[in-house]
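Numbering (the working numbering), first residue to last: 5 to 260. We put the beta carbon where it would ideally sit given N, CA and C, even for glycine. In this text, all values refer to a predicted model and were calculated from it rather than measured experimentally.
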Amino acid sequence: MNTRYRKTIIAGNWKMNKTPTEAKSLINEIKNSVGRVRWCEVVLCVPYIAIPTAVKLAKGSRIVIGAQNVHHEASGAYTGEISAAMLKDAGCKYVIVGHSERRQYFGETDAQVNAKTKAALAAGLRPIVCIGETLAEREAGITLDVITLQLHAALSGVDADSIRKVVIAYEPVWAIGTGKTATTEQAAEVNNHIRTLIRKRYGAKYGRAISILYGGSMNPSNAHELLAQLDIDGGLIGGASLKSDDLTAIVKASAQ
Ligand code: PGA
């Protein structure tokens with residue numbers, strides 16, 4: 005990470021875990037251990053239904069709350085969906101967009117990821133846009149091509165003024181929830197590629213300022229080395245964010 009130019013972000017993605025009651029005790033534990041950190045932003049992306057509790061508990065600490073998904077339309081007849089304005093009003097600052105589980109299990113396309121990114125920005129939320137290759141794509145040697153396509157598709161129509169609010173998360177699909185982490189070299193190479201693409205598209209100033217995270221089995225034992233890389237500005241953490249000790253260790257590892 006390069007803290008001179010950009011923000012370090014440690015974001016927990018709780019996925020479909022924790023009832024509001026369970027969320028309350030986990031957030032209290034996390035708040036006690038890292039609620040005052042100054043060197044990074046700690047974001048907890050909790051289930052929709054836990055957002056009100058989470059926002060209330062995080063108040064007065066340096067922890068901020070995010071959602072894990074959003075609908076791209078502003079309002080209307082979309083039974084069961086949640087809009088960006090609703091998330092903003094509920095106190096969210098961030099929203100994860102295009103997570104590989106959304107793409108894989110719910111058929112989210114690049115076009116939808118783009119629409120969601122723009123909806124989040126329009127509502128004043130910071131989208132954490134996830135991109136990453138499958139194992140087959142890595143083995144075929146097309147990782148950087150896949151990343152290039154996904155990034156450009158996700159950011160179609162996003163102007164320079166808005167890119168300042170966007171966070172990118174590189175998450176190799178084969179490393180999510182599998183215990184397999186990308187090697188430091190693999191993660192650093194892709195994150196550097198993403199920064200180069202942003203620089204070419206928006207200019208050096210924006211390339212330097214954008215936070216690019218790594219996600220995929222980040223844990224207390226690999227976090228330090230991953231976060232030491234110049235182009236890895238934080239982590240998007242699934243499993244390890246459900247244990248306050250593990251998340252705390254990762255937050256501490258980001259103080260480099
Ligand atoms: P993991 O999940 O840390 O459990 O691999 C990461 C993610 O899905 O964002």
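Any heavy atom of the ligand PGA closer than 8 Å to the Cβ of A253? Relative to the ligand PGA, A253 has its C-beta separated by 8 Å or more from all heavy atoms.
Check whether L30 and S258 have beta carbons under 9 Å apart: No, the pair does not count as a contact, with Cβ atoms beyond the cut-off.
Does the contact criterion of 3 or more C-beta pairs under 8 Å hold for the stretch 76-83 versus the stretch 40-53? Using a Cβ-Cβ distance cut-off of 8 Å, the stretch 76-83 and the stretch 40-53 are not in contact, since fewer than three pairs of beta carbons, one from each stretch, lie closer than that value.
Under the DSSP definition of a beta bridge, which residues are partnered with A15? The partner list for A15 (beta bridge, DSSP) reads V47, L240.
For Q108 and E137, what's the separation of their Cα atoms in angstroms? Each residue's alpha carbon lies about 12 Å from the other.
How long is the line joining the alpha carbons of D114 and L159, rounded to whole angstroms? Cα to Cα, D114 sits roughly 10 Å from L159.
For I67 and K46, believed in contact at Cβ under 8 Å, the rounded distance: The sequence shown places Val at residue 46, not Lys. With 8 Å as the limit, V46 and I67 qualify as a contact, their Cβ atoms being about 5 Å apart.
Rounded to a whole number of angstroms, what is the C-alpha to C-alpha distance between T200 and T25? In a straight line, the C-alpha of T200 is about 43 Å away from that of T25.
Would W178 count as contacting chain D if we go by Cβ distances under 9 Å? In the structure shown, chain D does not exist; there is a single protein chain.
Taking all protein chains shown into account, decide if S215 is buried (16 or more other Cβ within 10 angstroms of its Cβ) or exposed. Around the beta-carbon of S215, 16 or more other beta-carbon atoms lie within 10 Å, marking it buried.
What separation, rounded to the nearest whole angstrom, lies between the Cα atoms of R40 and S65? R40 and S65: Cα-Cα distance of roughly 6 Å.
Answer yes or no: the CB of K22 versus the heavy atoms of the ligand PGA, is any distance below 8 Å? Not so, every heavy atom of the ligand PGA lies at least 8 Å from the Cβ.
Can you give me the C-alpha to C-alpha distance between G145 and Q72, rounded to a whole angstrom? Distance between G145 and Q72, taken at the CA atoms: about 30 Å.
Can you give me the C-alpha to C-alpha distance between G243 and T182, rounded to a whole angstrom? Spanning the two alpha carbons is a distance of roughly 10 Å.
When DSSP labels each residue in this structure, what does R66 get in the three-state scheme? In the structure shown, R66 sits in coil (DSSP, three-state: anything other than H, G, I, E or B).
With distances taken Cα to Cα, identify the nearest neighbour of K19 among V101, S225, K256, A140. Check the Cα spacing between K19 and each of V101, S225, K256, A140: the tightest is with V101.
Find out if the Cβ-Cβ distance for the pair K97, A127 is shorter than 9 Å. It is not a contact, given that the beta carbons lie outside the stated cut-off.
Short Cβ contact (9 Å threshold) for V171 with L217: Yes, the pair counts as a contact, with Cβ atoms nearer than the cut-off.
Kindly examine the ligand PGA and report whether one of its heavy atoms sits closer than 8 Å to the Cβ of L159. The answer is no for L159.
What does the Cβ neighbour count give for K209, buried or exposed, with the cut at 16 atoms within 10 Å? K209 sits exposed, since fewer than 16 C-beta atoms from the chains shown fall within 10 Å of its C-beta.
Quick check: what's the CA-CA separation for W43 versus I13? Straight across, the Cα-Cα distance linking W43 with I13 is about 9 Å.
Express the C-alpha separation of S221 and Y206 in angstroms, rounding to a whole number. The straight-line gap from Cα to Cα measures roughly 31 Å.
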